[in-house]
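Enquirer:
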Amino acid sequence: MLEVVDLECVRGDRRLFTNLSFSLSKGELLYLYGHNGSGKTTLMRAVCGLLHPTEGEIRWDGEPIRELSEEYTREVLYIGHKNGIKDDLTALENLRILSTLDGVHMTEEQAWDALERIGLRGFEDLPTTVLSQGQKRRVALARLLAHQAKLWILDEPFTALDRAAVELLQQVIREHLEQGGMAFLTTHQEVELTEGQVKRLQLGEGGQVSV
Amino acid sequence: MFETFLAIVRRDLILAMRRRSDVLTILFFFVIVVSLFPLGIGPEMNTLRLIAPGVVWVAALLASMLALERLFAIDYADGALEQMLLAPQPLSLLVLGKVTAHWLVTGLPVVLMAPVLGIQYDLSLDGLRVLVITLLLGTPALSLIGAIGAALTLGLRGGGVLVSLLVLPLTIPVLIFGAGAVEATVSGLGGEGHMSMLAAILVLSMFFAPLAAAAALRVSVE
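So, in structure tokens, the structure goes:
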């Protein structure tokens with residue numbers, strides 16, 4: 002379970018949010034929204050542990066994430082604006098190296114399967130520099146298929162994806178939630194996933210959580 | 127854990143092989159700098175023999191500075207560094223992996239090329255042997271120390287020059303003992319003492335530099 006208590010983040014001279022608290026339990030999705038520059042990415046990076054908040058604390062199962070360090074990063078998967086894939090490597094190499102870094106051993110067969118499922122059949126062996134933006138995004142997202150992390154932090158995961166890929170990604174996230182995972186995502190796109198009974202957090206206007 | 131270390135080394139080696147021009151630039155820089163001195167000074171063997179250890183070592187030092195800027199910059203730009211920071215592995219181990227790969231593609235060619243260039247300076251066989259050994263001990267230390275500077279200046283404008291300003295003073299001991307060992311051997315004093323010091327510097331920097339660079343990376347990425 003993830004708990005964020007009285008968080009405050011300051012970038013430059015600007016206070017992005019203050020007294021921000023929320024929690025996320027098994028099987029829950031938190032949808033973060035707000036206008037450009039309201040601090041969504043900053044909040045996500047703080048929750049990942051990439052950025053130290055000015056005030057407040059982030060806890061995982063009751064313990065501060067700074068003390069857990071690697072025990073916490075094992076549970077978290079972050080896909081940000083940057084895909085984190087290497088242009089000179091093939092999709093297959095990228096996926097396998099990223100999963101090794103994540104501490105997941107992925108066989109070549111599993112990697113082929115994951116890439117096929119994400120819709121990159123026929124592109125597995127090409128250097129990603131020749132792929133389109135959407136295809137690169139798919140390579141990065143293929144990690145989700147083989148990852149055992151409980152908390153997925155996805156910053157605008159739907160950008161550059163076509164309609165079929167958006168559908169597929171929503172399906173993957175739903176499956177993850179059904180298996181007791183958690184997801185924390187932002188998107189400016191209208192998707193079914195963020196409608197209905199999900200936790201919502203709006204930044205820029207007080208930062209209150211509503212269900 | 128060791129698997130991730132190897133994965134990083136292998137990844138960076140593959141990347142270097144797919145962008146060979148970066149690697150060759152460093153090597154050619156080293157070759158040209160070392161070869162310019164005999165041309166500028168003239169074929170006076172005694173003078174050349176005297177300056178050989180210093181010239182080769184300074185050139186190796188500058189070549190290693192030249193390569194530093196790119197050590198983390200590309201990973202930072204494409205987001206791979208973020209993912210390394212979030213990997214459930216000690217970051218210092220990943221840094222050590224990156225530095226190892228970096229040395230294999232930029233340091234090792236310099237070490238291998240050095241004896242060939244040393245012939246231009248009429249160095250004795252013993253001198254050449256010691257030159258290779260000291261470079262073999264010294265250049266990894268240069269890469270390790272340099273990694274701290276590269277991590278600190280990540281994302282800054284004009285980072286390249288700043289790295290050199292930060293790191294060059296720290297590499298002075300390596301330079302002194304490296305060039306000193308060759309000089310001592312050539313003059314018949316024996317360079318074992320110098321080489322032990324170089325080995326000690328290498329061991330120390332292998333332990334501390336990845337930790338310091340990892341801490342610096344966390345600050346730079348924030």
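Quick note, the sequences are listed as chains A and B, same order.
All the letters of the first sequence, read from the start, carry residue numbers 2 to 212 under my numbering.
All the letters of the second sequence, read from the start, carry residue numbers 127 to 348 under my numbering.
C-beta: ideal position from N, C-alpha, C; glycine also.
#1: Would you mind sorting B:Ser250 into buried or exposed? The rule is 16 or more other CB atoms within 10 Å of its CB.
#2: Please list the segments of the alpha helix (DSSP H) lying wholly inside the stretch 27-64 of chain A, counting only runs of 4 or more residues, in order along the chain.
#3: Nearest-angstrom Cα distance between A:Glu168 and A:Asp156?
#4: Could you check whether A:Glu125 and A:Leu93 sit closer than 8 Å to each other, using their CB atoms as the reference points?
#5: What residue range is occupied by the uninterrupted beta strand (DSSP E) comprising A:Phe18?
#6: Any idea if B:Pro336 is buried or exposed, counting beta-carbon neighbours within 10 angstroms, 16 or more meaning buried?
#7: By the 10 Å Cβ neighbour count, where 16 or more other Cβ atoms means buried, how is B:His320 classified, buried or exposed?
#8: In its own chain, which residues sit with a C-beta less than 7 Å from the C-beta of B:Leu254, not counting the 5 before and 5 after it?
#9: Please identify, using Cβ separations under 9 Å, the residues of the stretch 203-216 of chain B that lie next to chain A, in order along the chain.
#10: Is the beta carbon of B:Glu195 less than 8 Å from the beta carbon of B:Val347?
#11: Below 8 Å on the Cβ atoms is my contact criterion, and I expect B:Val256 with B:Ala307 to pass it. Report the Cβ-Cβ distance as a whole number of Å.
#12: Please give me, in chain order, every unbroken run of the beta strand (DSSP E) with length at least 3 that falls completely inside the stretch 132-216 of chain B.
#13: Decide yes or no for the touch test of the stretch 50-67 of chain A against the stretch 178-188 of chain A: beta carbon pairs closer than 8 Å, at least 3 of them.
#14: Taking the CB atoms as reference points, tell me whether B:Gly233 and B:Thr265 lie closer together than 8 Å.
#15: Please check if any C-beta of chain B sits within less than 8 Å of the C-beta of A:Val11.
#16: Going by Cα to Cα distance, which pick from B:Ile298, B:Leu280, B:Ala341, B:Gly205 is closest to B:Leu268?
#17: When burial is assigned at 16 or more other CB atoms within 10 Å of the CB, is B:Phe154 buried or exposed?
#18: Is B:Gln246 near B:Pro164, with beta carbons less than 8 Å apart?
#19: For B:Ala340, which residues from the same chain have a beta carbon less than 7 Å from its beta carbon, with the 5 sequence-adjacent residues on both sides left out?
#20: According to DSSP, what are the bridge partners of A:Trp153?
#21: Can a CB atom of chain A be found closer than 8 Å to the CB of B:Leu110?
#22: Quick one: what's A:Gln203 bridged to in DSSP?
#23: Is there at least one Cβ from chain A nearer than 8 Å to B:Arg137's Cβ?
#24: Taking C-beta to C-beta, are A:Leu170 and A:Leu178 nearer than 8 Å?
#25: What are the boundary residues of the beta strand (DSSP E) that A:Arg144 is part of?
#26: So A:Ile98 contacts chain B; which residues on that side make the cut at Cβ distance below 7 Å?
#27: Nearest to B:Leu328 by alpha carbon, out of B:Thr151, B:Leu270, B:Ile274?
Expert: If we stick to the structure as given:
#1: exposed
#2: 41-49
#3: 17 Å
#4: Judged by beta-carbon spacing, A:Glu125 lies within the 8 Å limit of A:Leu93, meaning their Cβ atoms are closer than that value.
#5: Per DSSP, the continuous beta strand (DSSP E) segment holding A:Phe18 begins and ends at 15-25.
#6: buried
#7: buried
#8: Pro241, Gly244
#9: From the stretch 203-216 of chain B, only Ala203, Asp204, Gly205, Ala206, Leu207, Glu208, Gln209, Met210, Leu211, Leu212, Ala213, Pro214, Gln215, Pro216 have a Cβ closer than 9 Å to chain A.
#10: no
#11: 6 Å
#12: none
#13: no
#14: yes
#15: no
#16: The option with the nearest alpha carbon to B:Leu268 is B:Ile298.
#17: Around the beta carbon of B:Phe154, fewer than 16 other beta carbons sit within 10 angstroms, so the residue counts as exposed.
#18: yes
#19: Leu217, Ser218, Val221
#20: A:Leu78, A:Ala184
#21: Look at the range of chain B in this structure, 127 to 348, and you will see that residue 110 of chain B is not part of it.
#22: A:Tyr34
#23: Taking Cβ atoms only, chain A reaches closer than 8 Å to B:Arg137, which makes this a yes.
#24: no
#25: Looking at the DSSP string, A:Arg144 is not in any beta strand (DSSP E); the run it does join, the alpha helix (DSSP H), is 144-147.
#26: Ala133, Arg137
#27: B:Leu270
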